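Worksheet: one structure, shown below.
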Amino acid sequence: MCDTAFVHNDQLFDRIADALVEVGYIVLPQALPVSLVDQLVARLHALDDEDFKRAGIGRQDDFQIDTSVRRDRIRWLQQEHAAEVAFLKWMDELRLALNRRLFMGLMDYECHFASYGIGAFYKKHLDAFKRPAPLLQAPLQISPLQAQPSRVLSTVLYLNPDWQTGDGGELRLYDEADALVLETIAPEYGKLVIFLSEKFPHEVLVAKRERHSIAGWFRVSGPM
Numbered sequence: 050m051c052d053t054a055f056v057h058n059d060q061l062f063d064r065i066a067d068a069l070v071e072v073g074y075i076v077l078p079q080a081l082p083v084s085l086v087d088q089l090v091a092r093l094h095a096l097d098d099e100d101f102k103r104a105g106i107g108r109q110d111d112f113q114i115d116t117s118v119r120r121d122r123i124r125w126l127q128q129e130h131a132a133e134v135a136f137l138k139w140m141d142e143l144r145l146a147l148n149r150r151l152f153m154g155l156m157d158y159e160c161h162f163a164s165y166g167i168g169a170f171y172k173k174h175l176d177a178f179k180r181p182a183p184l185l186q187a188p189l190q191i192s193p194l195q196a197q198p199s200r201v202l203s204t205v206l207y208l209n210p211d212w213q214t215g216d217g218g219e220l221r222l223y224d225e226a227d228a229l230v231l232e233t234i235a236p237e238y239g240k241l242v243i244f245l246s247e248k249f250p251h252e253v254l255v256a257k258r259e260r261h262s263i264a265g266w267f268r269v270s271g272p273m
């Protein structure tokens, strides 16, 4: 489901809530103010290489680096820079709006910058499992914090100016049965994708140029 118009936040939040009820996800070509996206990109490029770490799979004792599954690097957002604070505030407004509209009980939000170098990818996975996963034709990988059943809503904001067809790095979203491709989403500047974490397997296709985003998750109260 795509939406092309930038609207006032109340109308925007209405549209997001409706999409989550109707189909479980939404793709917004421009949701956040362009000035905020610009500030986030500037912040991203001001970070040093050592600020990023290689992303892994699993959690705690099960955590491991597996470059056959994913090859991105990450840096968690913090409340210590104006652009990061503004982004987290916007997401908290969305959290409150969805709680009012859908009674989702969203408690908090966590997110990180994700940097994909040339040739990087992330194989098909789910961000959270509400219950033991059904048997699929191919086993799904587990994302870094997938073991917490508290993840319920995933977001991705893209920070890639002038992304062109052929640059790769698309987000491919599958249906709940892992049988059909629902969307192949180019990581274009300012685009925001929101989807139910437990419902949609997804992958990041091989990037043919550097690709940047902010990946995040709204959580409900639950075991860690």
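Residue numbers (the working numbering): 50 to 273. Yeah, the Cβ is synthetic: ideal placement off N, Cα and C, and Gly gets one too. From a predicted model like this one, the values you see are computed outputs, not experimental measurements.
key: Chain-order list of residues whose beta-carbon lies under 7 Å from that of residue 142 (same chain, five-residue window excluded)   = 58
inquiry  = Could you compute how far the alpha carbon of residue 135 sits from the alpha carbon of residue 92?
reply    = 12 Å
query = Does the beta carbon of residue 206 sit closer than 7 Å to a beta carbon anywhere in chain C?
reply = Protein chains in the displayed structure number just one, and chain C is not present.
Residue 184 versus residue 100 - alpha carbon distance = Its pLDDT being 34, under 50, residue 184 is placed unreliably in this model, and the value from its coordinates should be taken loosely. Straight-line Cα distance between these residues: approximately 38 Å.
query = Going by DSSP, which residues form a beta bridge with residue 313?
reply = Any question about residue 313 goes unanswered here, given that the chain covers just 50 to 273.
ask   = For the stretch 221-230 against the stretch 256-267, are there 3 or more C-beta pairs whose distance is under 8 Å?
value = no
query = Contact between the stretch 238-249 and the stretch 199-216: three or more CB pairs below 8 Å?
reply = yes
ask   = For residue 131, which of 175, 86 and 159 has the nearest alpha-carbon?
value = 86
ask   = Would you report the Cα separation of residue 216 and residue 238, rounded to the nearest angstrom?
value = 13 Å
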